[in-house]
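What follows is a single structure, written as structure tokens, with notes after it.
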Amino acid sequence: MQRQQQVGASLIEVLVAMLLLSLGMLALGAMLSFAVQMPKLSSYRANAVNLASGYIERMRANPKGFGNGDYDLSSSYDGSQTILKSSICAYPDCNSSSLAAMDFDETKMAVRTELPAGGIYMLSDSSSGAVGTGNLWIMWNEPNTNAALDPSSSDNCPSAVADSDPKPRCLYVRFKI
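First residue of the sequence shown: 187, per my numbering; consecutive thereafter.
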């Protein structure tokens, strides 16, 4: 019996190697696109943390306005990029209520400037008997991201924006004055 030599086996091996290499390159491209998005998304979150901290410090500087409920304002999130104007509170015509309105307007303007379609929502817990505590949400729209980063999975948003389209990314801060 005579043995026949195989022909084309090395070509099949090369094709399989090229297939595996191309799958690896696709995975590398997906990881690269994910890595490019992450710094921008983390900068949005860092900006939101700084804005929340600044607004809480403003409330601490005006405890009378916080106690009166002047900082309890509805959501300013509407998904738009419109830059808002701030109210002015100047001595001697400035009281705790007008100072709270100015603080909210300035923070709302900063949130809209620093975050895409940013908004803010604040609710104090004075009705539940927990005097001096509150809840603050900073909301913004993230650009189209991978499905793993989809904001619809965010559970930190208040019910006031739960039905918004597109659903925003939210940062929730519970604080005590």
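Just so it is clear, CB atoms sit at the ideal spot from N, CA and C, and this is done for glycine as well. Just so you know, these numbers come straight off a predicted model, no measurement behind them.
Is it the case that the Cβ atoms of residue i and residue j are separated by a distance below 8 Å?
{"i": "residue 319", "j": "residue 361", "result": "yes"}
{"i": "residue 233", "j": "residue 322", "result": "no"}
{"i": "residue 237", "j": "residue 296", "result": "yes"}
{"i": "residue 273", "j": "residue 250", "result": "no"}
{"i": "residue 363", "j": "residue 245", "result": "yes"}
{"i": "residue 230", "j": "residue 350", "result": "no"}
{"i": "residue 307", "j": "residue 239", "result": "no"}
{"i": "residue 329", "j": "residue 343", "result": "no"}
{"i": "residue 235", "j": "residue 357", "result": "yes"}
Looking only at C-alpha atoms, which of the options sits nearest to residue i?
{"i": "residue 252", "options": "220, 273, 299 and 286", "result": "286"}
{"i": "residue 311", "options": "198, 352, 244 and 257", "result": "257"}
{"i": "residue 373", "options": "280, 288, 211 and 356", "result": "Residue numbering for the chain in the displayed model covers 187 to 363; residue 373 lies beyond these limits and cannot be assessed."}
{"i": "residue 317", "options": "212, 255 and 207", "result": "255"}
Give the range of the beta strand (DSSP E) segment to which residue i is assigned.
{"i": "residue 250", "result": "Premise fails: residue 250 lies in the alpha helix (DSSP H), 249–253, not in any beta strand (DSSP E)."}
{"i": "residue 362", "result": "355–362"}
{"i": "residue 350", "result": "Here residue 350 belongs to no beta strand (DSSP E), and DSSP marks it neither H nor E."}
{"i": "residue 310", "result": "305–310"}
{"i": "residue 322", "result": "319–326"}
In its own chain, which residues sit with a C-beta less than 6 Å from the C-beta of residue i, not counting the 5 before and 5 after it?
{"i": "residue 304", "result": "297, 298 and 326"}
{"i": "residue 359", "result": "238 and 322"}
Residues in its own chain within less than 7 Å of residue i by CB, not counting five upstream and five downstream?
{"i": "residue 222", "result": "none"}
{"i": "residue 309", "result": "258, 320 and 321"}
{"i": "residue 225", "result": "none"}
Going by DSSP, what residue range makes up the alpha helix (DSSP H) through residue i?
{"i": "residue 285", "result": "282–300"}
I'd like the list of long-range same chain contacts for residue i, defined as Cβ closer than 8 Å, with 5 residues on each side in sequence excluded.
{"i": "residue 284", "result": "273 and 275"}
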